Structure formats: C-alpha cells, structure tokens
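One structure is given below, encoded as structure tokens.
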Amino acid sequence: MNPIVAILLCAASGTALTKFFFHCSRGTFNIPVAAIINERCLQQQEHGPCKGFEPRYSYNKATDECELFYYGGCLGNENRFKSKKQCERTCRRKHSLDLILVGPGRMPIQPIDDPGELFTLFQILVPKSPICYQPIKQGPCLGFLQRYAYDASKRKCVEFTYGGCGGNQNNFERMRECEFTCLVNMPTS
C-alpha cells in the first residue's frame with residue numbers, strides 16, 4: 001500500500017529573516033510550513049584581513065539581494081561567492097524553497113519552485129503519533145517475528161524482524177495498524 005498523501009494549499013506569511021513561513025490548509029487542517037535559508041547566507045559580509053582586491057558577492061539578508069564586495073584574499077567567512085548567479089542560487093528566498101513541516105514530526109518534502117504567487121500547492125506526508133519517530137528496534141532476543149514499523153526517513157511503514165522482547169512502541173503486528181497509527185488519512189481529491 002502506498003503512503004497516504006495530502007495535497008495542501010499554502011499561503012505565504014511572515015517576514016522573518018531566517019525563515020519564510022507558509023500556512024497550509026485543506027478544509028480545517030492547518031499546518032505551519034517554513035523554508036529555511038542556507039546558514040552560510042546568514043553570516044555578515046567579511047572582507048578578511050589581507051590586502052587583496054578580488055570581486056566577490058555576498059548575500060544581504062535584510063535586502064534579500066546578492067551584493068558585490070571586494071574580498072581581501074584570506075580568512076573571512078563562507079558568505080562569499082565568485083558569481084552573483086551562484087550567490088542567488090544558494091541564498092535567495094524567492095526562487096527555490098526547500099520546505100519542511102514545523103513542530104512535532106518535522107518532515108522534509110520536495111523543493112518547490114516559487115514563481116512569486118501567493119498560493120502554492122504542496123504534496124506532503126503527515127505523521128500522526130510520536131511513537132512513529134522511535135527508531136526501529138529488533139530487541140535483544142533472538143526470535144524471528146515479522147513486524148511493521150514506521151520508518152521516518154522513508155516516510156512509510158516497513159516490514160522488519162522483531163526478536164520477541166525489548167524494542168519500543170514502534171512495533172506493529174499488521175501493516176494496517178502501523179499505517180493507521182502513523183499516517184493521517186487525508187483524501188487527495
């Protein structure tokens with residue numbers, strides 16, 4: 001059985017410097033979603049202590065622009081790019097948003113190109129229970145019991161071999177129990 005997928009309508013909101021927030025809804029379902037800016041882009045522009053004069057670009061988080069500056073040739077920080085295009089591709093918020101769910105059960109989804117529209121459709125998987133984020137554990141015993149657990153990295157329930165003792169609550173006798181516990185049943189039509 002394929003994982004359950006929700007199609008959500010998202011609207012941009014907020015103007016935080018490090019995060020660009022979206023609110024997503026389908027009916028009364030509402031989830032905050034954020035696009036995180038690359039950490040190197042948040043560093044202040046640094047010329048470095050050397051006396052060189054190399055043209056470079058750095059990202060200015062206040063203006064959301066890549067700006068020309070002259071690098072001294074040594075030290076400095078990572079907010080330094082050889083071309084404006086490389087800087088924009090790495091740092092600008094408007095063009096490519098890598099979205100994640102915010103809150104319990106943060107989950108990555110595919111990067112989405114944002115053409116500047118207010119609303120965008122996103123396809124996400126939404127886990128329901130904290131049990132689902134426990135690691136898959138065979139346990140210390142040597143039995144061979146077929147069980148199912150939610151694999152957060154694959155965003156789906158998977159089969160595993162349980163030893164018969166120990167382990168944790170992310171351990172289901174049937175696939176449908178795992179899916180019922182760990183995936184929100186939201187129709188896509």
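So the sequence shown is numbered by the UniProt record's numbering: it starts at 1 and just counts up by one. From the three backbone atoms N, C-alpha and C, an ideal C-beta is built for every residue, glycine too. Everything numeric in this text was worked out from a predicted model, so none of it was measured.
Proximity to cysteine 66 [Cα-Cα], best of Lys82, Gly72 and Asn168: Position 66 of the sequence shown, counted from the start, is the residue given in the question as residue 66. The option with the nearest alpha carbon to cysteine 66 is Lys82.
According to DSSP, glutamine 146 sits in a beta bridge with which residue or residues? To locate residue 146, count along the sequence shown from 1; it is residue 146. DSSP lists Thr161 as partners of glutamine 146.
Going by Cα to Cα distance, which pick from Gln134, Arg80 and Cys50 is closest to serine 58? For the purposes of this step, residue 58 is identified with residue 58 of the sequence shown, where counting begins at 1. When only C-alpha atoms are compared, the closest one is Arg80.
Quick check on this structure: which residue in Gln86, Gln45 and Arg155 has the alpha carbon closest to the alpha carbon of phenylalanine 69? Taking the sequence shown and counting its residues from 1, one reaches residue 69 at position 69. Of the candidates Gln86, Gln45 and Arg155, the one whose C-alpha sits nearest the C-alpha of phenylalanine 69 is Gln45.
Straight-line CA distance for aspartate 64 to serine 153? Within the sequence shown, the letter at position 64 stands for residue 64. Within the sequence shown, the letter at position 153 stands for residue 153. Those two C-alpha atoms are separated by around 32 Å.
So cysteine 50 and cysteine 87 are in contact, right, with Cβ under 8 Å, and what is the actual spacing, rounded? On the sequence shown, position 50 is the one that residue 50 refers to. On the sequence shown, position 87 is the one that residue 87 refers to. The Cβ separation is near 21 Å, so there is no contact.
Can you tell which of Ile131, Leu145, Gly163 and Gly139 has its C-alpha closest to the C-alpha of residue 192? Because the chain in this structure spans residues 1 to 189, residue 192 falls outside the shown range and cannot be described.
Look at glycine 139 and glycine 167 and say whether their C-beta atoms are less than 8 Å apart. Taking the sequence shown and counting its residues from 1, the one referred to as residue 139 is at position 139. Taking the sequence shown and counting its residues from 1, the one referred to as residue 167 is at position 167. Glycine 167 is positioned such that its CB atom lies closer than 8 Å to that of glycine 139.
State buried or exposed for glutamate 159, treating a residue as buried only when at least 16 other CB atoms are found within 10 Å of its CB. In the sequence shown, the residue the question calls residue 159 occupies position 159. The residue in question, glutamate 159, is exposed, as its Cβ has fewer than 16 Cβ neighbours within 10 Å.
Output the residue ranges of the beta strand (DSSP E) runs that lie fully inside the UniProt domain "BPTI/Kunitz inhibitor" (41-91) and measure 3 residues or longer, sorted by chain position. Every beta strand (DSSP E) stretch that sits fully inside the UniProt domain "BPTI/Kunitz inhibitor" (41-91) and reaches 3 residues is listed by chain position as 54-60 and 65-71.
Strictly by DSSP, which residues pair up with phenylalanine 172? The residue you call residue 172 lines up with position 172 of the sequence shown. DSSP lists Tyr148 as partners of phenylalanine 172.
With distance defined between alpha-carbon atoms, name the residue in Lys156, Gly163 and Gly164 nearest to threonine 181. The residue given as residue 181 occupies position 181 in the sequence shown. Comparing Cα-Cα distances from threonine 181 to each of Lys156, Gly163 and Gly164, the minimum goes to Lys156.
When you compare only the Cα positions, how much space is there between threonine 161 and glutamate 39? As a first step, residue 161 is located in the sequence shown; it is residue number 161 there, counting from the start. As a first step, residue 39 is located in the sequence shown; it is residue number 39 there, counting from the start. In a straight line, the C-alpha of threonine 161 is about 40 Å away from that of glutamate 39.
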